[in-house]
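Working notes, structure below.
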Amino acid sequence: MRMLPILRLDIISNANQKADNFSENGDTNRQNGEADNEEYESTDLDLDDEEIEHLLDENLPDDLKAPKKPKYEERFKTVLEEKRHNHFEVLPEGWVQVTHNSGMPLYLHRKTRVISTSRPYFLGTGSARKHAIPVGSIPCLNYRRALDEETEAELQKSQELVKSNEIIASEVIPAEINKCPFEFSTNNVVEDNNSEGIHDNVSVAINVRESVAPKVKATANSTEKDKLRKLVPAAKIITVHENIQKESLTPDQFNEYCRRLFKFRVIRVLRFRSWNARRKFTKNRKHLKNIQRPTLPDGTKLIKFPILVPTGEANANPRTRKEWIMNPSGKSYVCILHEYVQHALKKQPTYEFKELQNAATPYSATVSINDLKYGTGYGTSKRQAKSEAARETLEILIPEMKDKITGVKQDKSAVAKSNQKDLSVFDDIKIEDPRVAEFCNKTTEPSPHAILLTCLQRNFGLGDDVHINYEINRTSNKKNEFTMTVGKHTAKVLCKNKREGKQLASQAILQILHPHIKTWGSLLRLYGNNSIKTFKEKKMEEQEITVLQSKAAINQPNYAILNKLKAEMLKLAEKNKSVQSKGTFVPPNDIDLPSSSGSNLNNVDL
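Just so you know, the sequence shown maps onto residues 0 to 605 in numbering that gives the first Met the number 0.
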């Protein structure tokens, strides 16, 4: 094993000697080469190349045995081919361009960490609405223009190349030069008289040659200049004004580009030249609005039906009301049915309840009017069965109920939101407006007299000592004067009858009791239906729980009731969290608190 390196050195030395001999003598003897090969093959070491490599790497360290790994890692990244770079536009302060892994460039604001997919630009003192938008800030349009410019440049280049070839082909002058019209030979004899003509012809031919030569030189110079221009890249000079015109979009141009994808609508905007013109316009609009009659809110439905009047009563009292208007909003099916039957048919509906052998709907109810059976309803309780029977009866008596009222199902939140929106109609109506009573009747809101009674009942310190006195007198103009007295306040109004006078006087008293309130909508928020909806909500929640009981399955938990319980527990947690104490108020030493009690702050002055 130790002889192996020595043998390798001998082989190398022999090879070197042969190479030296070859270089000195210029040629080698083929027979000597064959003899050397025979000596080499006759050695006792017959080893394979793999064994030799293994022996060489046996005592080497592990780092040198394996091939060296490169000190870098090769990856592939997708980037965007940048085109159409505007050197006049610079990123604002704090913004940098970052290449996303998708390949698209993004713009990052270092301080706020805000990302923008389009290139931001500095506006300065320019108008945010009227300024021209740079094309570079619209990536899709900018890149599309760059591609169009490239195609146009290639097309123009090919056209110029074709034109230049045509010009060169048309301006090439034939190599043959016009010969002299007179050819001389040794046999020809020239007379003296014609010698002048010969000289003239020769001079003309010489002049033609001299005139053609400058043209050939000019065309050659032009072609050489064109070749030199093609070797040098073309340079362009762009001014700031030209760049603004080329790289900016007017509002109309930007709108035309966006109309391909986005949908726009035209709105009416009023622009006044002076504050006085604006004031006159708003004043005139308010005046027109006050003149016009307020309309009912959207979604309001009225039930209008004739009243059956007996023949004897119709002849005795021709002014009997022949039509009844009812708003079903906020009323149950049972209430609507009773009101309709009592006014339209002058009858009272009756209900017949039965117990069924059905676990899901154990009760049934049937409505009878004038001993005729109409609708039948089923439910988990008698109340639910009664409501279903009333609904079925209404759909029989009034066929449009199914399409317009009973068929429309709204959740409780939507109903509450609609009620809140209904009150916005009253925000433009003053408290003493004579149309309030009629408007309240059509929107199922309490009348002014009912609002007055609610106000007197809710305020503290108002017991049986406060009475409402009514008095009606006939004036000299044959009009009715209605007088209402509440405590120390008195109101007098002119009316057609006692019913109208009671409502108008109640409005006047309410305005006296609430001098800081100007609109009827504010009073409805204080004393209307929305202010006393806690009892109604509780009643509706109880009905919801009763309905959820019917969704129970056999030997399985009732997930509907569990979800309802979870929602109620979350409401209770939010309520408890909202009333948590935030601390004790300690007034400063230099502020004197009022010594009187604040228990009478909610009372009206009677």
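We put the CB at the ideal spot given by N, CA and C, even for glycine.
In this text the structure is predicted, and so the values were computed from the model without any measurement.
- Non-local C-beta neighbours of I395 in its own chain, meaning closer than 7 Å and more than five positions away in sequence, comprise Y373 and G374, ordered along the chain.
- Distance from the CA of A572 to the CA of E541, rounded to the nearest whole angstrom, comes to 20 Å.
- The C-beta separation of V134 from S273 comes to about 38 Å, leaving the pair out of contact by the 8 Å criterion.
- Around the CB of V95, fewer than 16 other CB atoms lie within 10 Å, so the residue is classed as exposed.
- A direct Cα-Cα distance of roughly 11 Å separates L301 from M400.
- Runs of alpha helix (DSSP H) with 4 or more residues, each lying fully within the segment 226 to 281, are found at 239 to 245 and 250 to 257, listed in chain order.
- DSSP places Q96 in the strand class (E or B) of the three-state scheme.
- Considering only I508, E255, D426 and L344, the residue with the shortest C-alpha distance to L451 is I508.
- Sixteen is the threshold: since fewer than 16 other Cβ atoms of the shown chains lie within 10 Å of the Cβ of Y558, the residue is exposed.
- Secondary structure of H108 (DSSP, three-state): strand.
- Between the C-alpha atoms of M325 and P587 there is a straight-line separation of about 59 Å.
- Distance from M483 to A449 at the Cβ level is roughly 14 Å; contact not present, criterion being Cβ atoms closer than 8 Å.
- By the C-beta density criterion, E444 is buried, having at least 16 other C-beta atoms within 10 angstroms.
- Here K76 is not near Y142, since their CB atoms are 8 Å or more apart.
- DSSP, read as helix, strand or coil, puts M568 in helix.
- In the three-state reduction of the DSSP assignment, I166 falls in the helix class.
- Secondary-structure assignment with DSSP links P305 through a beta bridge to E322.
- The continuous alpha helix (DSSP H) containing K497 extends over residues K497 to L512.
- Sixteen is the threshold: when 16 or more other Cβ atoms of the shown chains lie within 10 Å of the Cβ of K385, as they do, the residue is buried.
- Apart from the 5 residues on each side of it in sequence, L355 sits with its Cβ closer than 6 Å to the Cβ of P361 and S363 in its chain, given in chain order.
- With a cut-off of 8 Å on Cβ pairs, the segment 422 to 442 is not in contact with the segment 469 to 480, counting fewer than three such pairs.
- For G102, the closest of H84, T111, F87 and L79 by C-alpha to C-alpha distance is L79.
- Nearest C-alpha to S126 among P250, S380 and N275: P250.
- Rounded to the nearest angstrom, the gap between the Cα atoms of I167 and L160 is 11 Å.
- According to the DSSP assignment, V435 belongs to the alpha helix (DSSP H) that extends over V435 to K441.
- By the criterion of at least three beta-carbon pairs nearer than 8 Å, the segment 515 to 528 is in contact with the segment 429 to 441.
- Counting only the Cα atoms, S577 lies some 35 Å from S446.
- The C-beta distance from Y332 to R390 rounds to 4 Å, short enough to fall under 8 Å.
- Bounds of any beta strand (DSSP E) do not take in H466, whose DSSP letter is neither H nor E.
- Judged by DSSP in its simplified three-state form, K491 adopts strand.
- Taking C-beta separations shorter than 8 Å and ignoring five residues to either side along the sequence, the partners of K563 in its chain run E543, I544 and L547, following chain order.
- Comparing alpha-carbon positions, the option among V97, L122, I590 and Y120 lying closest to R112 turns out to be V97.
- Under the 10 Å beta carbon count, Y339 is surrounded by 16 or more other beta carbons and is classified as buried.
- In this structure S117 does not touch P91 by the C-beta definition: roughly 13 Å separates them, more than the 8 Å allowed.
- A straight-line Cα-Cα distance of about 52 Å links T379 and N289.
- Leaving aside the five residues that flank K381 on each side, the residues in its chain whose CB is nearer than 8 Å to its CB run, in chain order, F352, Y362 and A364.
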